[in-house]
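First up is the structure itself, then whatever we jot down about it.
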Amino acid sequence: MSHLSILPTVLRDADTLAASLQALGLEPSKGGLLEGFAAEREPVELQVRLADGEVLGWARQADGSLALVGDLQRLSRCRGLQELIGRITRGYAARRALAAAELQFSGATIELQP
2 MSHLSILPTV
12 LRDADTLAAS
22 LQALGLEPSK
32 GGLLEGFAAE
42 REPVELQVRL
52 ADGEVLGWAR
62 QADGSLALVG
72 DLQRLSRCRG
82 LQELIGRITR
92 GYAARRALAA
102 AELQFSGATI
112 ELQP
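Counting from 2, one number per residue, gives the positions in the sequence shown under the working numbering.
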């Protein structure tokens with residue numbers, strides 16, 4: 002039996018996360034419910050369907066962070082999942098750093114190349 006797991010992350014900005022997902026060729030959608038075993042459901046702020054049909058979601062936590070939500074038993078069979086999560090996190094961090102630099106250096110043109 003598998004069920005939805007919720008893993009804490011340091012991610013906080015859903016728009017930056019969505020941009021990071023889009024840059025990886027994924028199509029994030031806002032809101033909804035992730036479904037697990039035996040009609041288990043978890044509300045999420047953002048979700049994305051992977052190429053193999055599995056779904057990852059991010060739910061807002063009490064501390065303001067976005068926790069990763071997914072059926073980890075099924076997702077563990079997904080080739081490259083760890084790598085994908087790393088790529089998402091690195092893209093998110095790069096975008097947040099660029100946003101901070103833009104605030105610090107007003108008038109500068111800063112962009113992220115793929």
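Think of the CB as a built atom: it goes at the ideal place given N, C-alpha and C, for glycine as much as any other residue. The structure displayed is predicted, hence computed values, not measured ones.
Practice task
Measuring alpha carbon to alpha carbon, tell me which of E103, A15, F38, I86 ends up nearest S30.
Solution key: If you number the sequence shown from 1, residue 30 lands on position 29. The residue from E103, A15, F38, I86 with its alpha-carbon nearest to that of S30 is A15.
Practice prompt. Would you mind stating whether V49 and G33 have Cβ atoms separated by less than 8 angstroms?
Written response: Counted from its first residue, the sequence shown places residue 49 at position 48. Counted from its first residue, the sequence shown places residue 33 at position 32. No; because the gap between Cβ atoms is not below 8 angstroms, this pair is not in contact.
Just to confirm my understanding: we take A60, look at its own chain, exclude 5 residues before and 5 after, and list those with CB closer than 8 angstroms. What are they? Numbered from its first residue, the sequence shown carries residue 60 at position 59. Closer than 8 angstroms at the Cβ level, and outside the excluded window around A60, lie I7, E43, P44, V45, E46, L67, A68, V70.
Host alpha helix (DSSP H) of D16 (start-end) = Taking the sequence shown and counting its residues from 1, one reaches residue 16 at position 15. Looking at the DSSP string, the run of the alpha helix (DSSP H) that includes D16 is 15-24.
ask   = To which residues does DSSP link R42 through a beta bridge?
value = By one-based count along the sequence shown, residue 42 stands at place 41. BP columns for R42 point to E36.
query = Taking just the CA atoms, how far does I89 sit from G37?
reply = For the purposes of this step, residue 37 is taken as residue 36 along the sequence shown, with counting starting at 1. For the purposes of this step, residue 89 is taken as residue 88 along the sequence shown, with counting starting at 1. A direct Cα-Cα distance of roughly 23 angstroms separates G37 from I89.
Nearest by alpha-carbon distance to G58: which of R80, D72, A24, C79 is it? One-based indexing of the sequence shown puts residue 58 at position 57. When each option's Cα is compared against that of G58, the closest is D72.
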